[in-house]
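Engineer: One structure coming up, written as structure tokens, with questions to follow.
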Amino acid sequence: MIGNLDIAKLRSNEYRESKVRGEFMVSIRIPGSLFPSSLLPIVQEIADKYGSGQIHMQTRQKLSIPNISYKDVEAVNKLLEPIIKTMEVDVCGIDLDTTQEGYASIGARNIINCIGSIHCPFGNIDTVALAKKVEKIIYPNHYHLKVVIVGCPNDCAKANMADFGIMGMSKIDWDYNRCVGCGACVRECGQHVTAALGAQNGKAIKQPGKCIGCGACVKVCPTQAWSRNPQKYYWVKIGGRTGKQTPRAGQTMFKWIKEEPLLEVIGNIFKFEDYMLDGQPIYRHFGHLIDDGSYNVFRDFILGTSELAQSRGVVPVKLNEEVLVADKLYWVEDKQNPDVYMHTH
């Protein structure tokens, strides 16, 4: 509490205090990153009437309205009600106790996603639809978690730097009779991907172990010899983070996991956090929690294969046959020390 301001509660309601005491910026969650134009007049009204007429495009794909006075929070929450109802209840199917008192939690951050297959030629998955499904699992929750979803391994939205990063993958089917041996796919994969393709006897060949399911070959093939299999798969990176102390890229936990087990895994994450934090949802980077417990403990917990996990109500996840699961993770951290390997001139 600062005076009569309950900063912790306001922060939980998506209000962040500025350097000016009693002045806040409210953020609007946009799961799936598509916002109905019909709701924009409400955002404008809040900004014009209670803010400074400015709207900030936040790094986590939220709309934020700065310069809101504490005395106007209740009025702003009333205006936010149709936005919360539309985006969280109607679009994502979340059962909220109320939509009239602002946002219920800030713990699970707004999901970041690229536009995915609904527009992008590289998109392997419908990122918007998946984000809405994930939102229903993680919101509202007071435990901290940052999720990023991208349509392909180009990783335009930086899933590699997220607590839980999801990248869309495709099994690429090949039609021998359509291949004319032009080499377009071989050049594309060699120059921009993992050099998984080669040529033999006038036809393309693939090294399955090097293929990351990006679909670049599909895009450049002039005869449609390569095509995306309708079955969707996902590549999951965990433990990525930015920050002042030890930023690091996430490491691969799953490859070729299907949607159903993926969603089951996500549903178990908060049970792991609850265990590690003794039921107290304090702010703690998800990657640090993995480090605290060890990767093996975390893996077995969210897969529901350990006695510890099952004692806390985790049901074993039914993994698909194709999935690859990391046995160990090796982190590479940047300690952010500006004096290392540097000198004055």
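full-length UniProt numbering puts the sequence shown at residues 1 to 345. Here a beta-carbon is modelled for each residue, glycine too, at the ideal position from N, C-alpha and C.
Output needed for D163: all residues of its chain with C-beta closer than 6 Å, excluding positions within five of it in sequence on either side, in chain order.
Structural biologist: Residue mapping note: residue 163 aligns to position 163 of the sequence shown, counting from 1. These residues qualify, in order along the chain: L145, K146, F286.
Engineer: Figure out for me which residue from L308, M167, V134, A131 has the closest Cα to the Cα of T252.
Structural biologist: Here residue 252 refers to the residue found at position 252 when the sequence shown is read from its first residue. Nearest option by C-alpha distance: M167.
Engineer: Which runs of the beta strand (DSSP E) at least 3 residues long sit entirely within the region 241–324? Give them in chain order.
Structural biologist: With a minimum length of 3 residues, the continuous beta strand (DSSP E) runs that stay inside the region 241–324 are 251–257.
Engineer: Which residue marks the beginning of the beta strand (DSSP E) containing L63, and which one marks its end?
Structural biologist: Position 63 of the sequence shown holds residue 63. Element bounds for L63: 63–69.
Engineer: Roughly how many angstroms separate the alpha carbons of L5 and V73, rounded to a whole number?
Structural biologist: If you number the sequence shown from 1, residue 5 lands on position 5. If you number the sequence shown from 1, residue 73 lands on position 73. Distance between the alpha carbons of L5 and V73 is about 11 Å.
Engineer: Counting only the same chain and skipping the five closest in sequence on each side, list residues whose C-beta sits under 6 Å from that of M1.
Structural biologist: Here residue 1 is taken as the residue at index 1 of the sequence shown, counted from 1. In this prediction, M1 scores a pLDDT of 46, lower than 50, which makes its location untrustworthy; the coordinate-derived value is nonetheless stated afterwards. If we look at M1 and ignore the five residues flanking it on each side, it has no Cβ neighbours.
Engineer: Quick check: the Cα distance between S117 and W226, rounded to an integer number of angstroms?
Structural biologist: Looking up residue 117 in the sequence shown gives position 117. Looking up residue 226 in the sequence shown gives position 226. The straight-line gap from Cα to Cα measures roughly 17 Å.
Engineer: Spell out a yes or no on whether the region 217–226 and the region 183–199 are touching, meaning 3 or more CB-CB pairs, one atom from each, closer than 8 Å.
Structural biologist: In short, these stretches touch, since the Cβ pair count reaches three.
Engineer: What residues are listed by DSSP as bridge partners for I238?
Structural biologist: Taking the sequence shown and counting its residues from 1, the one referred to as residue 238 is at position 238. In DSSP, I238 forms a bridge with F164, Q251.
Engineer: Should the region 248–262 be regarded as contacting the region 319–337, the criterion being three or more beta carbon pairs within less than 8 Å?
Structural biologist: Touching, yes.
Engineer: Alpha carbon to alpha carbon, how far is V332 from R248?
Structural biologist: Here the question's residue 332 lines up with position 332 in the sequence shown. Here the question's residue 248 lines up with position 248 in the sequence shown. Cα-Cα distance, rounded: 6 Å.
Engineer: Between S306 and A47, what straight-line distance do the alpha-carbon atoms span, to the nearest angstrom?
Structural biologist: For this step, residue 306 is matched to residue 306 along the sequence shown. For this step, residue 47 is matched to residue 47 along the sequence shown. When rounded, the distance between both Cα atoms is 50 Å.
Engineer: Return the chain-ordered ranges of every alpha helix (DSSP H) run that is complete within the region 153–197 and spans a minimum of 4 residues.
Structural biologist: Fully enclosed alpha helix (DSSP H) runs of 4 or longer: 184–192.
Engineer: Closer than 8 Å is the cut-off here; do at least three beta carbon pairs connect the region 195–211 with the region 125–142?
Structural biologist: Cβ pair count under 8 Å is below three, so no.
Engineer: Verify whether the separation of the beta carbon atoms of Y50 and V76 is less than 9 Å.
Structural biologist: On the sequence shown, residue 50 is found 50 positions in, with the first residue counted as 1. On the sequence shown, residue 76 is found 76 positions in, with the first residue counted as 1. Going by C-beta atoms, Y50 is nearer than 9 Å to V76.
Engineer: Just the C-alpha distance for G125 and G250, rounded to the nearest angstrom, thanks.
Structural biologist: For this step, residue 125 is matched to residue 125 along the sequence shown. For this step, residue 250 is matched to residue 250 along the sequence shown. Note that residue 125 corresponds to Ile in the displayed sequence, not to Gly. Their Cα atoms are separated by approximately 21 Å.
Engineer: If we call anything under 9 Å between Cβ atoms a contact, is Q58 one with S27?
Structural biologist: For this step, residue 58 is matched to residue 58 along the sequence shown. For this step, residue 27 is matched to residue 27 along the sequence shown. Yes, they are a contact pair.
Engineer: Taking only three categories from DSSP, how would you classify L329?
Structural biologist: The residue labelled residue 329 in the question sits at position 329 within the sequence shown. Here L329 sits in coil by DSSP.
Engineer: Scan the UniProt domain "4Fe-4S ferredoxin-type" (202–231) and note each continuous beta strand (DSSP E) run of 3 residues or more that stays entirely inside, going in chain order.
Structural biologist: Those beta strand (DSSP E) runs which fall completely within the UniProt domain "4Fe-4S ferredoxin-type" (202–231) and span 3+ residues are 203–206.
Engineer: With a CB to CB cut of under 8 Å and the five nearest residues on each side skipped, what residues in its chain are close to V297?
Structural biologist: Position 297 of the sequence shown, counted from the first residue, corresponds to residue 297. If we look at V297 and ignore the five residues flanking it on each side, its Cβ neighbours are S306, L308.
Engineer: Can you give the Cα-Cα distance for L197 and F24, rounded to whole angstroms?
Structural biologist: Walking along the sequence shown from the start, residue 197 turns up at place 197. Walking along the sequence shown from the start, residue 24 turns up at place 24. So the alpha carbons of these two residues sit roughly 54 Å apart.
Engineer: Spatial neighbours of F270 within its chain, please: CB distance less than 6 Å, with the 5 preceding and 5 following residues excluded, ordered by chain position.
Structural biologist: Taking the first residue of the sequence shown as position 1, residue 270 is located at position 270. Excluding positions up to five away in sequence, the list reads N141, Y143.
Engineer: Kindly indicate the opening and closing residues of the beta strand (DSSP E) around V150.
Structural biologist: Working through the sequence shown from its first residue, we reach residue 150 at position 150. First-last of the beta strand (DSSP E) with V150: 147–150.
Engineer: Taking all protein chains shown into account, do 16 or more other C-beta atoms lie within 10 angstroms of the C-beta of K62, making it buried, or fewer, making it exposed?
Structural biologist: Within the sequence shown, the letter at position 62 stands for residue 62. Buried, by the Cβ-count rule.
Engineer: The beta strand (DSSP E) spanning E17 covers which residue range?
Structural biologist: Translated into positions along the sequence shown, residue 17 becomes position 17. Taken as a continuous stretch (DSSP letters only), the beta strand (DSSP E) holding E17 covers 15–17.
Engineer: Taking DSSP as the reference, what is the three-state secondary structure of A131?
Structural biologist: For the purposes of this step, residue 131 is taken as the residue at position 131 of the sequence shown. Residue state, collapsed to three classes: helix.
Engineer: Who are residue 347's beta bridge partners in DSSP?
Structural biologist: The structure shown does not extend to residue 347, since the chain is modelled only from 1 to 345, so the question has no answer here.
Engineer: Can you tell me whether V101 is helix, strand or coil according to DSSP?
Structural biologist: By 1-based counting over the sequence shown, the position of residue 101 is 101. For the sequence presented, residue 101 should be read as Glu rather than Val. Three-state result, E101: coil.
Engineer: Just to confirm, are G123 and I112 a CB contact at a threshold of 9 Å?
Structural biologist: The sequence position of residue 123 within the sequence shown is 123, counting from 1. The sequence position of residue 112 within the sequence shown is 112, counting from 1. Going by C-beta atoms, G123 is not nearer than 9 Å to I112.
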